[in-house]
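One rule links them: number in our numbering = place in the sequence shown (from 1) + 146.
Where a beta carbon is used, it is the ideal one built from N, C-alpha and C, also for glycine.
I have placed the structure first, in the form of structure tokens, so that the comments after it can refer back to it.
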Amino acid sequence: MLGRTMFFRPVDNERLLVDLTSPVHATVFPFIELVAITGVAWMLIGYFDGPGLNPDMHNVLVGLWAVLVCWRFFFKVFSLRRRRIVVTDQRIVVRSAGLAGAVATFPLSAVRQVARRRGTIMLAVMGADRPVIIPEVPQAKRVQAIIEQELMRR
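In structure tokens, the structure reads:
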């Protein structure tokens with residue numbers, strides 16, 4: 147809960163309606179990549195452990211494998227799990243994926259319309275020429291319904 151307060155702090159009398167992050171199943175492809183990288187790397191390491199080959203190559207390949215695992219799996223999963231959407235009765239707060247994901251806040255009073263196409267939420271916001279597009283929203287249908295419900299109350 148401590149990490150959440152750094153991103154989102156409710157104001158007085160603000161009621162939290164939705165607080166979602168990327169689902170765990172979004173990490174399936176990075177996991178498959180991890181298995182493939184590990185398999186290929188350790189086959190190479192086994193080959194270089196054979197007789198008559200340079201034994202220092204083992205350490206180099208293990209280090210390369212560790213770097214690839216961090217880059218292609220751990221950083222990607224951490225980045226995906228940082229993506230977040232928070233809807234309250236007063237505003238919508240969105241943090242994009244990434245280690246330093248950008249945070250955007252939209253007051254509900256400025257939102258005129260909400261639409262959804264698959265996992266993408268589109269907000270018509272006052273003062274914006276084009277709709278604000280929020281891609282890959284988990285439970286997009288539920289989020290759209292809650293935002294519409296709050297817009298109807300206004």
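Among the options, nearest to residue i - alpha-carbon criterion
i    : options                   : result
F219 : L166, F177, R276 and G265 : F177
W188 : P197, A172 and W211       : W211
Q236 : T167, V283, Q285 and I293 : I293
L226 : G196, W217, P169 and D165 : P169
G247 : V208, D202, I231 and P156 : I231
E296 : V164, R276 and F194       : V164
V283 : D202, V157 and L166       : L166
A243 : R228, S255 and L254       : R228
L254 : L245, R299, W217 and V208 : R299
C-beta atoms of residue i and residue j nearer than 8 Å
i    : j    : result
A274 : M268 : no
M272 : R288 : no
I183 : H204 : no
P277 : A270 : yes
Three-state class that DSSP yields for residue i in the structure shown
i    : result
R155 : coil
D202 : helix
P253 : strand
L245 : coil
Q259 : strand
A274 : coil
V208 : helix
V218 : Residue identity check: residue 218 is Arg in the sequence provided, not Val. R218: helix per DSSP, three-state reduction.
R299 : helix
R264 : coil
V213 : helix
R237 : strand
V164 : strand
Beta-carbon proximity list for residue i, same chain, < 6 Å, skipping 5 on both sides
i    : result
V249 : R241
L162 : T234
L238 : It should be noted that the sequence gives Ile, not Leu, for residue 238. Around I238: F252.
Chain B within 8 Å of residue i, Cβ atoms only
i    : result
V240 : This model lacks chain B altogether, as it is built from one protein chain only.
Neighbourhood of residue i by C-beta, 8 Å cutoff - its chain only, sequence neighbours within 5 removed
i    : result
P281 : G265 and T266
V159 : One point to set straight first is that residue 159 is Asn, not Val, in the sequence displayed. Excluding residues within five positions, none has a Cβ falling inside 8 Å.
V215 : L180, I183 and T184
V157 : Q236
Y193 : L199
Cutoff 7 Å; reference residue i; Cβ partners in own chain excluding five residues on either side
i    : result
Q290 : V260, R262 and I267
G196 : none
Measuring CB atoms only, is the region 164 to 174 touching the region 220 to 234, in the sense that at least three cross pairs come out at less than 8 Å? yes
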